[in-house]
Amino acid sequence: MVRFENVGLRYGMGGEVLRDLNFSIAPQSFQFLTGPSGAGKTTLMRLMLLSLRPTRGAIQIFGEEASRLDKSKITSLRRRIGVVFQDFRLLNHLTTYENVALPLRVMGKREINYRSEVVELLRWVGLGERVNVLPEVLSGGEKQRAAIARALIVRPELLLADEPTGNVDPAMAWRLLRLFVELHKSGTAVVIATHDLTLMDQFAHVRRLVVGDGRLTVFDPEAI
Amino acid sequence: MIRPDRGEKDGRSQSIVSTDTSLIPVESIGGHALTIIIAIMTFLVCLSGGGATLIADASRNWIDLVSKEITIQIKPRSNEDTDGIVKKIVDIAKRTPGVVGVHALSQLESEQSLEPWLGQGLDLSQLPVPRLIVVTIDGSHPPDLQTLRAALASTAPQASIDDRQLWVSRLNTLADIAVIIATGILILIIVAMSIAIGFATRGAMAGNHEIIAVLHFVGAADSFIAKQFQAHFTRLGGQGATMGGCAAAIFFLFPKLISIISLDLYKSERLAALVGNFTLGFFGYCFIAVVCLATATLTGLISRLIVLSYLDRVS
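Protein sequences appear in the order of chains A and B. Count along the first sequence from 1, then add 17; that gives the number in my numbering. Count along the second sequence from 1, then add 3; that gives the number in my numbering.
Here you go:
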């Protein structure tokens with residue numbers, strides 16, 4: 018699904034912030050992407066999301082060589098990827114419903130065809146009663162769930178979540194993680210970037226991609 | 004906070020209203036200033052276009068009037084029967100094919116025609132005031148002036164024909180200059196308006212770059228994002244153009260309204276005789292409507308092109 022081969026990235030004339038990245042993400046897999054703050058987790062996520070181009074190496078996304086993709090192809094690949102940002106990035110002038118429906122709207126789907134689906138998903142993430150409110154009155158946990166619902170509404174093949182539990186209390190973090198596990202069980206490959214060791218320890222059997230000093234190390238308990 | 008169009012105050016309503024909400028927040032775009040600029044520009048475009056049309060129409064009317072007549076001027080000579088010569092020339096003119104009417108001005112009428120230049124109450128009987136014969140011609144089958152000149156030369160060498168070609172040529176030049184000036188003003192206004200729209204679009208994009216980034220991440224194509232801006236700016240352009248177009252329509256109706264209110268029909272007729280009817284006809288108002296539509300469309304298109312160019316650059 019995703020394959021990095023000798024990938025390196027530098028900004029301008031500076032040194033490489035990421036180097037010699039070699040890893041792959043299999044379909045329907047579940048993994049944590051971890052490392053200290055500033056190690057490059059978000060940058061790596063952006064590489065997977067095709068919003069950054071590597072300065073060397075090769076990235077394959079869904080079997081496509083990233084360096085050969087034109088804009089329209091990048092757009093169509095992004096529609097197969099769900100993304101959850103640490104700072105939610107909900108559009109403040111749209112209601113919860115409208116935010117969650119956004120990916121379907123940009124795909125040109127008619128509202129009558131997705132309305133019930135969006136409402137159902139909002140109920141699934143526990144926002145069934147917050148359909149018509151604007152993000153500014155949602156709590157941190159509710160915003161995060163709305164952001165997750167927005168990422169899930171297109172039934173992505175790959176979900177990238179950047180510190181999805183960074184702004185919520187431990188109880189809500191656990192609830193959100195259970196959501197990701199449910200999603201994984203339904204067939205989506207999940208990558209969760211986090212530096213919350215406590216949270217990861219609760220899923221000791223899960224594969225970890227550890228970023229540090231610009232390099233990436235893979236720990237796969239099931240392979241041992 | 005619940006969106007005002009969403010019903011219940013606690014936001015727990017299950018009813019969902021159609022999601023036609025603009026993805027670019029309306030309040031994030033400095034719309035008022037742009038609307039006013041577009042209104043002013045549209046007003047000026049209508050004014051220059053309408054003004055050029057009026058001048059062209061008036062000059063065409065003048066040309067029509069001037070071209071339908073020629074004047075034969077007979078310089079009086081001492082010891083000569085000028086009235087007899089006038090009569091002979093009238094007969095020659097009447098026999099000429101293409102002439103539909105001949106009117107010889109009397110001595111008194113000829114003298115009165117000089118009053119605008121010399122003033123009233125002067126005794127001109129001692130002056131050799133030329134006699135004038137006004138010949139009305141058939142515009143579709145005009146007379147052969149060379150033949151007429153030859154006939155006059157043999158009968159009265161002191162008679163000359165003024166076919167008013169000098170005036171016609173000057174009026175044509177005037178109409179052409181008016182159209183060229185109006186076109187120049189139109190181009191300048193379009194350039195200025197495009198620059199203003201460009202600034203507003205770039206400002207809107209800078210203020211909404213987070214939204215643009217999110218739209219990209221959720222799989223929006225550049226054309227979709229550009230469409231959002233285009234729709235918004237077309238709406239702004241439509242509002243501004245309507246304001247400017249209405250102001251222009253009122254401006255062109257104004258002289259007509261004044262004449263109706265003052266009921267000074269005599270003055271209105273004199274004004275109309277000089278500059279034509281200083282009001283637009285049906286097609287003039289159609290022109291204003293077309294300008295409004297074109298302005299709104301142009302506003303949307305320019306913003307679309309700028310957004311697409313920007314997105315292409317940042318990618």
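Even for Gly, the Cβ is constructed at its ideal location relative to N, Cα and C.
Along the beta strand (DSSP E) that carries residue i, what are the first and last residues, could you check?
| i | result |
| --- | --- |
| B:H319 | Outside the displayed range of chain B (4 to 318) lies residue 319 of chain B, so it cannot be described from this structure. |
| A:L214 | Unbroken run through A:L214 is the alpha helix (DSSP H), 214-218; no beta strand (DSSP E). |
| B:R134 | 134-140 |
| A:F236 | 232-236 |
| B:G124 | No beta strand (DSSP E) contains B:G124, which DSSP labels as neither H nor E. |
| A:R225 | 224-229 |
| A:L26 | 19-27 |
| B:E72 | 72-77 |
| A:V208 | 206-210 |
How many Å lie between residue i and residue j at the Cα?
| i | j | result |
| --- | --- | --- |
| A:S60 | A:L69 | Note that residue 60 of chain A is Thr in the sequence shown here, rather than Ser. Approximately 8 Å between the Cα atoms of the pair. |
| A:K126 | A:I98 | 17 Å |
| A:I42 | B:I190 | 58 Å |
| A:E91 | B:L57 | Inspection of the sequence shows that residue 91 of chain A is occupied by Ile rather than by Glu. Using only the alpha carbons, I get a separation of about 56 Å. |
| A:A3 | A:R132 | Nothing about residue 3 of chain A can be reported from this structure: the residues present for chain A run from 18 to 241 only. |
| B:L151 | B:S157 | 10 Å |
| A:V117 | A:R96 | 14 Å |
| B:K12 | A:V223 | With a pLDDT of 41 at B:K12, under the threshold of 50, the predicted position of this residue should be treated as unreliable, and no value is reported. |
| B:K3 | B:Q110 | Any property of residue 3 of chain B remains undetermined from this structure, which presents chain B solely from 4 to 318. |
| B:D315 | A:K202 | 38 Å |
| B:I136 | B:E118 | 18 Å |
| A:L176 | B:M208 | 28 Å |
| A:A189 | A:L155 | Checking the sequence shown, residue 189 of chain A turns out to be Met, not Ala. One C-alpha to the other measures close to 14 Å. |
| A:R147 | A:G183 | 22 Å |
| B:V182 | B:A59 | 8 Å |
| A:L86 | B:C289 | 49 Å |
| B:T300 | B:I228 | 17 Å |
| B:D126 | B:I193 | 59 Å |
| A:R192 | A:D186 | 10 Å |
| B:L26 | A:L111 | 8 Å |
| B:A223 | A:R106 | 15 Å |
| B:V48 | A:V123 | 37 Å |
| B:S128 | B:I88 | 19 Å |
Using C-beta distances below 6 Å, list every residue in its chain close to residue i, excluding the 5 sequence neighbours before and after it, in chain order.
| i | result |
| --- | --- |
| A:A178 | V101, I209 |
| B:A250 | F46 |
| A:R27 | E33, T72 |
| A:T234 | V227 |
| B:S21 | Residue placement at B:S21 is poorly supported in this model, since its pLDDT is 49, which falls under 50; the coordinates still yield a value, given next. Counting only Cβ-Cβ distances below 6 Å, and skipping sequence neighbours, we find nothing. |
Need the endpoints of the alpha helix (DSSP H) that residue i sits in, please.
| i | result |
| --- | --- |
| B:Q149 | 148-158 |
| A:N39 | Careful: A:N39 lies outside any alpha helix (DSSP H), inside the beta strand (DSSP E) at 33-42. |
| A:Q161 | 157-169 |
| B:Q115 | 110-115 |
| A:V198 | 187-202 |
| A:R127 | From DSSP, A:R127 is part of no alpha helix (DSSP H); its letter is neither H nor E. |
| B:R307 | 285-317 |
| B:I92 | 85-98 |
| A:I98 | From DSSP, A:I98 is part of no alpha helix (DSSP H) but of the beta strand (DSSP E) over 98-101. |
| A:L176 | Careful: A:L176 lies outside any alpha helix (DSSP H), inside the beta strand (DSSP E) at 175-179. |
| A:I91 | 88-95 |
Whose C-beta lies closer than 7 Å to the C-beta of residue i among residues of the same chain, with five residues either side of it excluded?
| i | result |
| --- | --- |
| B:P7 | Below a pLDDT of 50, predicted positions are generally treated as unreliable, and B:P7, at 49, falls in that range; no measurement from the model is reported. |
| A:H212 | T51, G52, P53, S54 |
| A:G204 | Q45 |
| A:E22 | N39, G74, A75 |
| B:T85 | I77, P79, R134 |
| B:S306 | I200, T204, F232, Q233, F236 |
| B:S312 | none |
| A:L216 | T182, A190, L194 |
| B:W65 | L174 |
Can you name, in chain order, every residue of its own chain whose Cβ lies under 8 Å from the Cβ of residue i, other than the five neighbours on each side?
| i | result |
| --- | --- |
| B:P145 | G101 |
| B:I40 | M196, A199, G243 |
| A:G229 | G52, P53, A56 |
| A:L108 | E115, N116, L119, P152 |
I'd like to confirm something about residue i: is its beta-carbon nearer than 8 Å to some heavy atom of the ligand COA, or not?
| i | result |
| --- | --- |
| A:I91 | Ligands are entirely absent from the displayed structure, and the ligand COA is therefore not among its contents. |
**Asked** Which parts of the region 206-241 of chain B are runs of the alpha helix (DSSP H), unbroken and 4 residues or longer, counting only runs that do not cross its ends?
**Response** 212-220
**Request:** Note down, in chain order, all residues in the region 97-118 of chain A with a beta-carbon under 7 Å from any beta-carbon belonging to chain B.
**Result:** V100, R106, L108, H110, L111, T112, Y114, E115, A118
**Short-range partners of chain B found in the region 166-188 of chain A, where Cβ spacing is below 8 Å** = R167, V171
**Request:** Could you please tell me which residues of the region 196-221 of chain B, in chain order, have their CB closer than 9 Å to any CB of chain A?
**Result:** E213, I214, A216, V217, L218, H219, F220, V221
**Item:** Secondary structure, beta strand (DSSP E): runs of 3+ residues fully inside the region 36-83 of chain A
**Value:** 47-51, 73-78
**Prompt:** Residues in the region 79-98 of chain A with C-beta within 9 Å of chain B's C-beta atoms, listed in sequence order?
**Reply:** K88, S89, I91, T92, S93, L94, R95, R96, R97, I98
**Prompt:** Which residues, in chain order, does the region 225-247 of chain B contribute to contact with chain A at a C-beta distance below 9 Å?
**Reply:** D225, F227, I228
**Asked** Curious, which full-length beta strand (DSSP E) runs of at least 3 residues does the region 161-209 of chain B contain?
**Response** 162-165
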